[in-house]
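Below: one structure, written as structure tokens.
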Amino acid sequence: MTEGSLTIDPQALADSLRAHPSIRGKLAIGRATGALGLSFGSAGRPGDDAAALENAAGGWDLLAGEGFIPAFVADDPWFAGWCGVMVNLSDIAAMGGWAVALVDQVWAPSPEAARPLLEGLKAASQAYGVPIVGGHTNFGAPELGLAVTALGRSRALVTSFDAKPGDALMIVVDMRGEYRNFDNFFAATESTPDQLRGDLALVSDFAERRFFRAGKDISQGGIAGTALMLAEASGVGIALDLDYVLTPFPPGRIPLERWLRTFPSFGFLFAMKQDKVQRAAEAFHERGIYAGIIGKVERSSKVTFHSRDRSAVFWDWQETPYLRAAVSPSEGSDA
Numbered sequence: 001m002t003e004g005s006l007t008i009d010p011q012a013l014a015d016s017l018r019a020h021p022s023i024r025g026k027l028a029i030g031r032a033t034g035a036l037g038l039s040f041g042s043a044g045r046p047g048d049d050a051a052a053l054e055n056a057a058g059g060w061d062l063l064a065g066e067g068f069i070p071a072f073v074a075d076d077p078w079f080a081g082w083c084g085v086m087v088n089l090s091d092i093a094a095m096g097g098w099a100v101a102l103v104d105q106v107w108a109p110s111p112e113a114a115r116p117l118l119e120g121l122k123a124a125s126q127a128y129g130v131p132i133v134g135g136h137t138n139f140g141a142p143e144l145g146l147a148v149t150a151l152g153r154s155r156a157l158v159t160s161f162d163a164k165p166g167d168a169l170m171i172v173v174d175m176r177g178e179y180r181n182f183d184n185f186f187a188a189t190e191s192t193p194d195q196l197r198g199d200l201a202l203v204s205d206f207a208e209r210r211f212f213r214a215g216k217d218i219s220q221g222g223i224a225g226t227a228l229m230l231a232e233a234s235g236v237g238i239a240l241d242l243d244y245v246l247t248p249f250p251p252g253r254i255p256l257e258r259w260l261r262t263f264p265s266f267g268f269l270f271a272m273k274q275d276k277v278q279r280a281a282e283a284f285h286e287r288g289i290y291a292g293i294i295g296k297v298e299r300s301s302k303v304t305f306h307s308r309d310r311s312a313v314f315w316d317w318q319e320t321p322y323l324r325a326a327v328s329p330s331e332g333s334d335a
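Right under this line is the structure:
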């Protein structure tokens with residue numbers, strides 16, 4: 001199989017991505033949860049896209065939060081504000097839920113410096129129909145900073161912990177966008193509010209119909225890093241078929257390595273039974289969203305890359321924990 005005119009080299013891709021900052025940045029999660037004494041089994045199940053707490057109505061309350069690196073916020077404050085809303089709503093949707101409200105935390109040297117950041121937050125809140133109901137503001141900070149928290153609800157929880165060997169791995173992604181900055185592939189502002197809301201609603205609709213066994217929003221770390229997080233949380237392996245990862249794109253449009261670490265504005269990985277794939281894919285295609293199989297769940301602790309008769313290990317979470325704190329079972333790890 002070729003990427004443009006070049007043969008895909010799984011080993012070279014695995015080595016390059018394993019060392020990339022977008023992949024390695026997620027290692028901070030394990031260090032933070034370790035310092036806090038948290039594990040996959042703690043309340044809210046840290047390591048998922050949102051914390052999930054059972055409520056009195058028989059469903060789940062969801063809490064998601066995102067903080068943004070200063071360089072990203074400074075590079076494009078309006079876009080950072082939009083993303084503060086968008087990524088939280090995707091996290092809630094990945095859990096089979098819908099967002100109810102948002103709170104923001106904004107730091108800036110002055111009200112004028114904060115204006116584009118606040119305008120981005122407002123524009124996304126209005127587009128997605130989810131209100132910002134409060135937060136924290138500091139106009140005496142040395143530089144721009146942003147964090148956003150979302151409250152959501154779910155009647156049929158989808159987690160990162162339930163993928164099973166034999167499941168198909170389906171990608172769902174809006175490929176009608178372009179790169180905005182860094183490795184962010186942005187399609188949201190080209191869509192109408194009805195499109196944006198309907199796309200997220202379709203994810204939660206399929207969750208309520210029990211189409212997805214497990215899932216994650218494709219976040220920083222891209223397809224490769226998200227597959228690794230899903231595999232580790234579920235205690236399984238995942239084999240990614242590189243020959244199908246770029247299927248929807250014209251040849252040569254995006255380098256495979258970049259796409260594997262890209263953060264799309266609308267993108268998910270779902271582990272699901274084979275007999276549910278076609279109906280889900282058709283429904284997403286009707287909305288102009290690509291959905292297709294790019295791999296399978298296996299009984300192992302490895303995420304592997306495959307292209308025809310060539311393969312390579314990208315990461316073995318048993319040997320090198322990714323999200324989990326690197327502690328022994330006797331020290332409190334139950335993952």
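Everything in the sequence shown is counted per UniProt numbering, starting at 1 for the first residue and increasing by one. Glycine included, each C-beta is placed from N, C-alpha and C at the ideal position.
For the alpha helix (DSSP H) that contains residue 212, what are its first and last residues?
-> Looking at the DSSP string, residue 212 is not in any alpha helix (DSSP H), and its letter there is neither H nor E.
With residue 318 as the anchor, note down where its beta strand (DSSP E) starts and where it stops.
-> Residue 318 -> no beta strand (DSSP E), and no H or E assigned at all.
The segment 166-176 / the segment 133-144 touching (three or more Cβ pairs under 8 Å) | The segment 166-176 is not in contact with the segment 133-144.
State the start and end residues of the unbroken alpha helix (DSSP H) segment that holds residue 24.
-> 21-24
Hey, out of 121, 137, 227, whose CA is closest to residue 49's CA?
-> 227
Three-state class that DSSP yields for residue 220 in the structure shown = coil
Along the chain, where does the alpha helix (DSSP H) that runs through residue 48 open and close?
-> No alpha helix (DSSP H) holds residue 48; DSSP gives it neither H nor E.
Applying the criterion that 16 or more other CB atoms from any shown protein chain within 10 Å of the CB defines a buried residue, is residue 137 buried or exposed?
-> exposed
For residue 170, write down the residues that DSSP places opposite it in a beta bridge.
-> 270, 293
Distance between residue 111 and residue 297 (C-alpha atoms, nearest Å) = 49 Å
To the nearest angstrom, report how far apart residue 21 and residue 84 are at their CA atoms.
-> 21 Å
Rounded to whole angstroms, how far is the Cβ of residue 109 from the Cβ of residue 77, which I believe are closer than 8 Å?
-> The pair is not a contact, with the Cβ atoms about 12 Å apart (cut-off 8 Å).
Count the other C-beta atoms from every protein chain shown that fall within 10 angstroms of the C-beta of residue 247, then say buried if there are 16 or more, exposed otherwise.
-> exposed
Below 7 Å CB to CB, which residues in the same chain sit around residue 231 once its five sequence neighbours on both sides are set aside?
-> Annotation for residue 231: 237, 238, 303, 317 place their beta carbon closer than 7 Å to its own, counting only its chain and skipping 5 residues before and after.
For the segment 31-116, which segments carrying the beta strand (DSSP E) assignment without a break, of at least 3 residues, lie completely within its bounds, in sequence order?
-> 51-54, 60-68, 97-107
DSSP on residue 338, reduced to helix/strand/coil?
-> Lying outside 1 to 335, the shown extent of the chain, residue 338 is not represented and no answer is given.
Give the DSSP bridge partners of residue 136, in chain order.
-> Residue pairing of residue 136 in beta bridges, as defined by DSSP: 105.
Put residue 148 into one of helix, strand or coil per three-state DSSP.
-> strand
Bridge-paired residues (DSSP) for residue 303 | 238, 315
Burial state of residue 104, where buried means 16 or more other Cβ atoms lie within 10 Å | buried
Helix, strand or coil: which one does DSSP assign to residue 10?
-> helix
Taking 9 Å as the cut-off, decide whether the C-beta atoms of residue 269 and residue 221 are in contact.
-> No. Outside cutoff.
Can at least three beta-carbon pairs, one atom from the segment 124-133 and one from the segment 59-68, be found at a separation below 8 Å?
-> no
Three-way DSSP call (helix, strand, coil) for residue 257 in this model = Helix.
First and last residue of the uninterrupted alpha helix (DSSP H) at residue 284 | 277-286
Coarse secondary structure for residue 264, derived from DSSP in three states = Note: residue 264 maps to strand in three-state DSSP.
Pairwise C-alpha distance: residue 106 and residue 146 | 5 Å
Looking at C-alpha atoms only, which residue of 8, 9, 7, 14 is the closest neighbour of residue 346?
-> This structure cannot speak to residue 346, because the chain is shown only from 1 to 335.
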